[in-house]
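Step one of this worksheet: look at the structure below.
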Amino acid sequence: MADYNICQVGSLKLKRTAGDSAVKKKKKPKVARGAIQDEESAKASPSGSGRNSPAAPGGSDERRTAAEKRFQEVQRKRLADKVKKLAGKTHKDRVNDFNTKLETLSEHHDIPKVGPG
2 MADYNICQVG
12 SLKLKRTAGD
22 SAVKKKKKPK
32 VARGAIQDEE
42 SAKASPSGSG
52 RNSPAAPGGS
62 DERRTAAEKR
72 FQEVQRKRLA
82 DKVKKLAGKT
92 HKDRVNDFNT
102 KLETLSEHHD
112 IPKVGPG
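All residue numbers for the sequence shown refer to our numbering, where the first residue is 2 and numbers rise by one.
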């Protein structure tokens, strides 16, 4: 019974010296943090055209080169074609096309059919 009286009770205590106390950073009050952020946002965008607000439609074209404009136009056309292609098919049609594609592959690429049945 005397052996059980020696055991530690309570939480573990880590070794620390007097000068090695935990360093805690001082937090600014919430009101001060909000005021600082408001000031920074006002300095960065006095006209209100920040990251969250929509850009002016004609302003960005002036800074882009001809190559960038062509690239953007090609990207828009490709996206429109992709949307038209996907909108024309139902999910069932896409699954059937995928299954026919899988049937043409060799057995090395064997994947069980997708969908019900």
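For each residue, glycine too, the CB sits at the ideal point set by N, CA and C.
Where the alpha helix (DSSP H) through residue i begins and ends
{"i": "valine 75", "result": "67-88"}
{"i": "arginine 17", "result": "Looking at the DSSP string, arginine 17 is not in any alpha helix (DSSP H), and its letter there is neither H nor E."}
{"i": "leucine 103", "result": "92-105"}
For residue j and residue i, believed in contact at Cβ under 8 Å, the rounded distance
{"i": "valine 84", "j": "phenylalanine 99", "result": "Incorrect: roughly 19 Å between the Cβ atoms, too far for contact."}
Own chain residues within Cβ distance below 8 Å of residue i, not counting five before or after
{"i": "valine 96", "result": "Val115 and Gly116"}
Cut-off 6 Å between Cβ atoms - residues of its own chain near residue i, not counting five sequence neighbours on either side
{"i": "glycine 89", "result": "none"}
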